[in-house]
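If you read the protein sequences in the order shown, they are chains S and W. In terms of the numbering used here, the first sequence has 36 at position 36, counting the first letter as 1, and numbering is strictly consecutive. To convert a position in the second sequence, counted from 1, into the numbering used here, add 1000. First comes the structure, then the notes that go with it.
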Amino acid sequence: MLEIKNLHARIADDGTEILRGIDLVIPKGEVHAIMGPNGSGKSTLAYVLAGRDDYEVTEGDILWNGESILEMGPDERAAKGVFLAFQYPMEIPGVATMTFLRAALNAVRKKRGEKELTTPEFLKFVRAKAAELGVSDEMLKRPLNVGFSGGEKKRMEILQMAVLEPTLCVLDETDSGLDIDAIRIVSEGATKLRGPDRAMLVITHYQRLLNYIVPDKVHVLAKGRIQKTGGKELALELEKSGYADFTGKAA
Amino acid sequence: MNVTTLKTKAEGQLREQFDAAAGSLPGTGWVGALRARAMDAFAADGLPSRRVEEWKYTDLRECLRDVPAPASATPKSVSAAEIDGALGPLAGLDAERIVLVDGVYSAELSKVTAEAMVIELMSLAAMLKKAPAWLEGKFAADSGVVVALNTAFMSDGVLLKVRKDQDPGRPVLLVHARAAVQPSAVAVRNVVSLEAGAKLTLIEAHVALDSAASGALANVVTDVTLGDGATCDHIKSLVDAAGSTHLATWNTKLGKDATYRGFQLTASPALARNDINITFNGEGGKLDLSGAFLARGAEHIDTTLVVDHAVPHCESRELFKGVLDGRAHGIFQGKIIVRPDAQKTDGKQMSQALMLSPDAQFSSKPELEIYADDVVCGHGATCTEIDADLLFYCRSRGIPPDIARAMLTESFIGEAVEKIENEAVREALGTLAIGWLRAG
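The structure is reproduced here in C-alpha cells:
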C-alpha cells in the first residue's frame, strides 16, 4: 500500500513550492489516476515518488508497504518495487538496450536477494516480454532509446516495467505524444501488469488513456493538492468541464 | 657543438648519457653521424618549455626532472606467458606478433608467420649495424626535439614493409613490453611502409610487466608511409599502471587515394605526450583519427596532432574523447593546415572530455590554418560532467550510482572505441578501457 501523507515538496534550486500537502492512499491491487492541469504538480509528484534530488521534501512522508522511502535513493526505491515510467524517456548512446535491461534487472534482483539470471534465461525472459509489446530484436540491440520514435520510447518504458516487475507503477503522462494505436499497445502492456499485489498510479492530462487503463479511483491535482476524488466517471466529467473549477480557486 | 642552452639537470643527464653510450649504440658511419647531428639539434633547443607553443600545456623542461639511465642492451629474460599476462585482452588476438622487451627486439618472443613475399620484417638494430645507404633517407632531419632525442638514442625497433598489393590477412601486433626492475629509458624507432595497394592492421601495445619499475621513460617514434591506394589501420594502446613517462610520435604520410585510420587508447601513464603528424602527399587521401585518453590522480595526457593537407581533395576526421578524474590534466591540441592548393579539403575535428572530478582539467586547442578558399573545415570541443538526468534515469531502474556512472562513462568512451574497424581489436580495447574505468 502506498500512503502519501501531507506531502510538501519544493524545487531544490530555487525553493519554489510545488506540492502543498498531498494526501493519497493507493491500496495494493488498485489503479488510481491523477489528472490535473499543466503546472499542477503531477510530474513533480511522480519524480518525488521516484526520488529525484531536484526536489526537496519539506514536510510529510511517503510510505510504501508501511516503510518510509524518503531517505532512500532512486535505486533503493526501485529495489523496493517502485517504478516510474518517464514522460520523456532518456536516450543513452553507446549502451545497448539489452545491456541496460540486464544491468537493471540484475541490480534489482541482487538487492531483492534473488539469483541473477543466466544469459539464456535472461534473453528468453526479455524476448517474450518484448514480443508482447511489439519491441523487435533489432530495437533491443540498438542503444537505449537512441533514434526511437515517441511511441517506441514509451513501449520501451513499459517493457522495462514488465522486466523489472515492480509493485508500485507510476506512469507519468505515458499517453503524451502518442497516436491512438500506440496508446492502445502501451495501455495493453500496462494493463497486463494489473494484479492483486501491484498498485498503480496513472498520471495523465487527458481522459483518453483511462478508457484503456480503467482506474478504480480518479484524483484531481491542482495547485499542489488533491482537490477532488471520485470514481472513473470523474474523468469523463473533467473531459467536459475542464479544470477551470480547480484552477480558479484561491490556493 | 652548442651546449650553452642545456641548463636543467635532465638536459645534462641526456648529454652525459649520450656521450657515454654513443660508442655502444648500434650503427657506425653515417648512423653515428646521424645520431651526433640529432644530439646537436637537441642541444640547440634543450627540452621544450611552456614558452614553446606546441608544448604550452606540457612543459617538458619542468616535468622531466630526472632522466633514468638507458635500458640495458640485454634485457631481462621474459616468458611468453608474462607477455600474455601484460597484454590482457589483447593476448588472445589472432595476430602476427612482434615483441620488443625494454626497447630490444626479441626474436624468441616474436612470431611472424606471414610469408616473406607479403611482409618484410627486420630488426632496426640489425639494420643500423649494417647501415645500408637507403636506410639513411628514412630519418627525417627536422622533426622536433623529441624525435631528435629518439634518433640520437634509438636502440632498436622494427622495419616493417608490406609489399605491393599484399595483405597479411591477420593484424600485426607490435608489443612494447616494459620489464626492467630499475627505472630505465628506452628509445624505439619503427619504420613502417605500405607499398601501393597494400593493407595492414598494426597494433602497438605498450604494456608493463608486473615486475616493471615505475619512473621509466619511453620515447617511441613510428613512421608510417602509405603508398598510393594503401590502407592502414594503426592502433595504439598504452595501459600503464606503473607510472611511466611516455613520449610517442607517429609520423604518417599518405599517398594518393590512401586510407589511414588511427586510434590511440592512453590510460594512466604518469605523463604521456602523443604527437601525431599527418601529411597528405597525394589527392584522394582519407584520414580517420580517434582516441580515448583516461587519467586519474595527477596523471597528464597530451595529444597533439598536426594534419597537413598539402594537396587537394583529401578528407580528415578526428574524434578524441577523454575521461578525467582526480587532479588529472588532459590536453588536446589539433592543428589542421590547409595549404593554398588544397582545394576541396574536408576536415572535421572534435574533442570531448568527461570530467569526473572538480579538480580535473581539460585543455583543448583546435587550430585551423586555412590558406585555400574552397574547403569545408570544422572543429568542436566539449567539456562536461556526467549528466544528472541520465544518472537519475539509470538509478530509477535500480542501477546503483557507481554502476550507473561507470555505464555512462563507458558509453561516452564507446563512441570513440567504436571507430576501430577490426572487431576483435575493438573488443579488446573496449575491455581495456572498461577495466581502467572500473579500477577507479
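A virtual CB, placed ideally from N, CA and C, is assigned to each residue, including glycine.
Check                                                                                                                                                                  : Outcome
Using a C-beta to C-beta distance shorter than 8 Å, which residues of chain S count as neighbours of Leu1390/W?                                                        : Met90, Ile92
Taking Cβ positions only, does Arg194/S come closer than 8 Å to chain W?                                                                                               : no
Tell me, please, whether the CB atom of Val95/S is closer than 8 Å to any CB atom in chain W?                                                                          : yes
Give the range of the alpha helix (DSSP H) segment to which Leu140/S is assigned.                                                                                      : 137 to 141
Any idea what DSSP makes of Leu1025/W, helix, strand or coil?                                                                                                          : coil
Identify whether Asp1084/W lies in helix, strand or coil by the three-state DSSP scheme.                                                                               : helix
Can you name the start and end residues of the beta strand (DSSP E) that Pro93/S belongs to?                                                                           : 92 to 96
Which residues in the same chain have their Cβ closer than 8 Å to the Cβ of Lys141/S, if we skip the five residues on either side of it in sequence?                   : Ala96, Thr97, Met98
How about Asn1190/W and Leu1209/W: are their beta carbons less than 8 Å apart?                                                                                         : no
Could you tell me the distance, in whole angstroms, from the CA atom of Met1001/W to the CA atom of Gly1012/W?                                                         : Model confidence at Met1001/W stands at a pLDDT of 48, short of 50, so the residue's coordinates are unreliable and nothing is read from them.
Can you grab the Cα-Cα spacing for the pair Ala79/S / Val1207/W, in whole Å?                                                                                           : 41 Å
Could you spell out where the beta strand (DSSP E) holding Arg1061/W opens and where it closes?                                                                        : That residue, Arg1061/W, is in no beta strand (DSSP E); its alpha helix (DSSP H) goes 1060 to 1063.
Would you mind reading off the limits of the beta strand (DSSP E) that contains Arg1412/W?                                                                             : The sequence as given places Phe at residue 1412/W; Arg does not occur at that position. Where Phe1412/W is concerned, there is no enclosing beta strand (DSSP E), although the alpha helix (DSSP H) it sits in stretches over 1401 to 1417.
Hey, does Arg52/S have any beta-carbon neighbour from chain W nearer than 8 Å?                                                                                         : yes
From this set, Ser1268/W, Gly1262/W, Ala1216/W, which residue's C-alpha is nearest Thr1245/W's C-alpha?                                                                : Ala1216/W
What whole-angstrom Cβ distance do Ser1214/W and Pro1183/W have, given they're in contact under 8 Å?                                                                   : 7 Å
Beta carbon of Ala1125/W, beta carbon of Pro1026/W: below 8 Å?                                                                                                         : yes
Excluding sequence positions up to five away, which residues of its chain have a Cβ less than 6 Å from the Cβ of Lys1161/W?                                            : Glu1120, Ser1193
Compile a chain-ordered list of the residues in the stretch 36 to 65 of chain S whose CB is closer than 7 Å to at least one CB of chain W.                             : Ala50, Arg52
Rounded to a whole number of angstroms, what is the C-alpha to C-alpha distance between Glu1062/W and Ala1272/W?                                                       : 14 Å
Kindly identify the DSSP beta-bridge partner or partners of Ala1189/W.                                                                                                 : Reading off the sequence, residue 1189/W comes out as Arg, not Ala. Answer is Val1221/W.
Quick one, which of Ile26/S, Val82/S, Gly73/S has its alpha-carbon nearest Asp54/S's?                                                                                  : Gly73/S
Which residues of chain S have a Cβ atom closer than 8 Å to the Cβ of Pro1401/W, listed in chain order?                                                                : Gly73, Asp75
Got a sec: which bits of the stretch 157 to 191 of chain S sit with their beta carbon under 7 Å from any beta carbon on chain W, in order along the chain?             : Gln160, Leu164
Where does Leu1209/W fall in DSSP's three states?                                                                                                                      : coil
If we ignore side chains and look at the alpha-carbon of each, how far apart do Pro1070/W and Leu1047/W end up?                                                        : 18 Å
With a CB to CB cut of under 6 Å and the five nearest residues on each side skipped, what residues in its chain are close to Thr1266/W?                                : Leu1238, Ala1272, Phe1293, Ile1301
Could you spell out where the alpha helix (DSSP H) holding Tyr47/S opens and where it closes?                                                                          : 42 to 50
Per DSSP, what kind of secondary structure is Leu236/S in: helix, strand or coil?                                                                                      : helix
Does the CB of Leu133/S have a neighbour CB from chain W at under 8 Å?                                                                                                 : no
Which of the three DSSP states, helix, strand or coil, is assigned to Cys1314/W?                                                                                       : coil
Any residues in the stretch 111 to 124 of chain S with a beta carbon nearer than 8 Å to a beta carbon of chain W? Which ones, in chain order?                          : Lys111
I'd like to check one pair, Ile203/S with Ala46/S: are the Cβ atoms closer than 8 Å?                                                                                   : yes
Can you give the Cα-Cα distance for Val1118/W and Val1031/W, rounded to whole angstroms?                                                                               : 28 Å
Closer than 7 Å by beta-carbon distance: list the chain W residues that pair up with Leu2/S, in chain order.                                                           : Within 7 Å Cβ-Cβ: nothing; Leu2/S doesn't reach chain W, min ~16 Å.
For Leu1437/W, I'd like the list of residues in its chain whose CB is within less than 8 Å of its CB, leaving aside the five on either flank, ordered along the chain. : Leu1294, Val1323, Ala1406, Thr1409, Glu1410, Ile1413
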